[in-house]
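Visitor: Got a structure for you, questions after.
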Amino acid sequence: MTVSAEAKGGAFLRGTLVREALDGAITAIAAAGCETPRLDAELLLAHVLGVSRVRLLTDRELVVSGSDVRAVQNAVRRRAVEREPVAYITGLRAFRRLELAVDRRALIPRPETELLVEVAVAQLPAGARVLDVGTGSGAVALALADERPDLQVAGSDLSEDALALARTNGERLDLRVEWLHADLLVGVPDEYDAILSNPPYVAEPERASLAPEIARHEPPGALFAGADGLDCIRTLIARAGPRERVRTLALEHGAGQASAVRELMALAGFAEVRSERDLAGIERVTLGRR
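Numbering-wise, my numbering comes out as the position in the sequence shown, counting from 1, plus 801.
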């Protein structure tokens, strides 16, 4: 008899020892087709119990009891049945040296986006005024403020909800960032030396092929950008080009888009244009300077 992921998610906690709960959670999450069932289960149980993953795996006397039983069951159901991302269930995501609050108001920060921060940290001159366009949870802007306190950092977004999340992260982390409500650069004063962005760059035809974690739960306005995924990037580069004060433009983009982004930057007047590869070897960030 085949047992559904939903049935397993609701009934896996028949024992109280953590190792039994963990085994049941892994089984339920794996049955749902999630790619990293063991890691997901460990993160969820550690979060609910308020312990580290190390203690979760080494403390043989640790048990799940009381209200934690239902909390663990609910977390596993959300992951296995609803395919909700772990970060949205726990409400937290690590990014560079920071731990950010995350929820459905903004995209979950990806490891690939850390490359955008690396490029900026290495390239920006001391004291530069920097704008992170489409800041979402504030990940890029806050990481810059954390690692380069000499910079004057701002973050902008069209979504008021995303900006509220970014502000919350800034206050919790005690990092100084100015937050602006703006549609790309419309209405933004020409007072920035550098513009960074991880804009929407998923092509609309790819919508059907996205993992359910993305398609069902993350905000579509932060994902999709027209037939080829470059609509937002085209507009941003076109608006950045005439701003003579902008000496550096760095954009994250999708696989296979680097050559088009380089051409667009060159046409906009950025003479020194190059692309940087992420850890998977994909050209992920393109940098233009003048």
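Note that CB positions come from ideal geometry on N, CA and C, so glycine has one too.
For Gln1058, count the other beta carbons within 10 Å of its own beta carbon; 16 or more makes it buried, fewer makes it exposed. Which is it?
Guide: Label assigned to Gln1058: buried.
Visitor: Which same chain residues end up closer than 7 Å to Val849 when comparing Cβ atoms and leaving out the 5 residues on each side of it in sequence?
Guide: For Val849, where only same-chain residues beyond five positions count, the Cβ hits under 7 Å are Asp869, Ala872, Val873, Ala876.
Visitor: Can you tell which of Leu1024, Gly892, Ser853, Gly1070 has its C-alpha closest to the C-alpha of Arg1048?
Guide: Answer by Cα proximity: Gly1070.
Visitor: Going by C-alpha to C-alpha distance, which of Glu972, Gly988, Gly928 sits closest to Ala995?
Guide: The candidate whose alpha carbon is nearest that of Ala995 is Gly928.
Visitor: What separation, rounded to the nearest whole angstrom, lies between the Cα atoms of Arg1044 and Pro990?
Guide: Arg1044 and Pro990: Cα-Cα distance of roughly 10 Å.
Visitor: Buried or exposed for Asp975, please, with buried defined as at least 16 other CB atoms from any protein chain shown within 10 angstroms of its CB.
Guide: Flag for Asp975 reads exposed.
Visitor: Buried or exposed: Gly810, going by 16 or more other Cβ atoms within 10 Å of its Cβ?
Guide: Note that Gly810 scores a pLDDT of 45, beneath 50, so its modelled location is shaky and nothing firm can be said.
Visitor: Which residue or residues does DSSP assign as beta-bridge partners of Val864?
Guide: According to DSSP, Val864 bridges with Leu818.
Visitor: With DSSP collapsed to three states, give me the class of Arg871.
Guide: Three-state DSSP puts Arg871 in a helix.
Visitor: In three-state DSSP terms, what is Ala1061?
Guide: Helix.
Visitor: Please go through the same chain and pick out, in chain order, the residues whose beta-carbon is closer than 6 Å to the beta-carbon of Arg949, but skip the five residues on each side of it.
Guide: Cβ within range, chain order: Val922.
Visitor: Can you give me the start and stop residues for the beta strand (DSSP E) that Val1003 sits inside?
Guide: Taken as a continuous stretch (DSSP letters only), Val1003 belongs to no beta strand (DSSP E), as it is neither H nor E.
Visitor: From which residue to which residue does the alpha helix (DSSP H) around Ala942 run?
Guide: First-last of the alpha helix (DSSP H) with Ala942: 940-948.
Visitor: By the DSSP assignment, the beta strand (DSSP E) with Gly1082 in it spans what residues?
Guide: Where Gly1082 is concerned, there is no enclosing beta strand (DSSP E), given that its DSSP letter is neither H nor E.
Visitor: Could you say if the segment 957-975 and the segment 889-906 meet the contact criterion of at least three C-beta pairs nearer than 8 Å?
Guide: Touching, yes.
Visitor: Over the uninterrupted beta strand (DSSP E) stretch that includes Arg930, give me the two end residues.
Guide: It spans 930-934 - the beta strand (DSSP E) in which Arg930 sits, taken as one unbroken run.
Visitor: What's the call for Ala1072, buried or exposed, on a 16-neighbour Cβ count within 10 Å?
Guide: Looking at its Cβ environment, which holds fewer than 16 other Cβ atoms inside 10 Å, Ala1072 is exposed.
Visitor: With a threshold of 16 other CB atoms inside 10 Å of the CB of Glu1064, please say whether the residue is buried or exposed.
Guide: That one is exposed.
Visitor: From the DSSP output, in three-state form, read off Thr837 for me.
Guide: In the structure shown, Thr837 sits in coil (DSSP, three-state: anything other than H, G, I, E or B).
Visitor: Could you name the residues that DSSP lists as bridge partners for Gly971?
Guide: None, per the DSSP bridge assignment.
Visitor: Is Leu997 near Val931, with beta carbons less than 8 Å apart?
Guide: Taking 8 Å as the Cβ cut-off, Leu997 and Val931 qualify as a contacting pair.
Visitor: First and last residue of the alpha helix (DSSP H) that includes Leu857?
Guide: First-last of the alpha helix (DSSP H) with Leu857: 854-859.
Visitor: So, with DSSP's three-state summary, where would you put Leu1011?
Guide: Reduced to three states, the DSSP call for Leu1011 is coil.
Visitor: Tell me which residues share the same chain as Leu1037 and place their Cβ nearer than 8 Å to its Cβ, disregarding the 5 neighbours each side in the sequence.
Guide: Correct list, in chain order: Val934, Leu985, Leu986, Ile996, Ser998, Pro1000, Leu1052.
Visitor: Please report the distance separating the alpha-carbon of Arg794 from that of Gly937.
Guide: This structure does not reach residue 794, given that the chain is present from 802 up to 1091, and the question cannot be answered.
Visitor: Around the Cβ of Asp958, are there at least 16 other Cβ atoms within 10 angstroms (buried) or fewer (exposed)?
Guide: By the 10 Å Cβ count, Asp958 comes out buried.
Visitor: Would you kindly work out how many angstroms separate the C-alpha atoms of Thr891 and Glu919, rounded to a whole number?
Guide: Taking the straight line joining both Cα atoms gives about 26 Å.
Visitor: Could you name the residues of the same chain whose beta carbon sits closer than 8 Å to that of Phe1025, not counting the 5 residues immediately before and after it, in chain order?
Guide: Excluding sequence neighbours, Phe1025 sits near Pro1001, Val1003, Ala1004, Glu1005, Arg1008.
Visitor: In the DSSP assignment, find the unbroken alpha helix (DSSP H) run with Thr1036 in it and report its ends.
Guide: Here the alpha helix (DSSP H) through Thr1036 covers 1032-1041.
Visitor: Quick one: what's Val1074 bridged to in DSSP?
Guide: According to DSSP, which records beta bridges pairwise, Val1074 is partnered with Gly1089.
Visitor: Suppose you measure from the CA of Ala829 to the CA of Glu883; what does that come to, to the nearest Å?
Guide: Roughly 12 Å separates the two Cα atoms.
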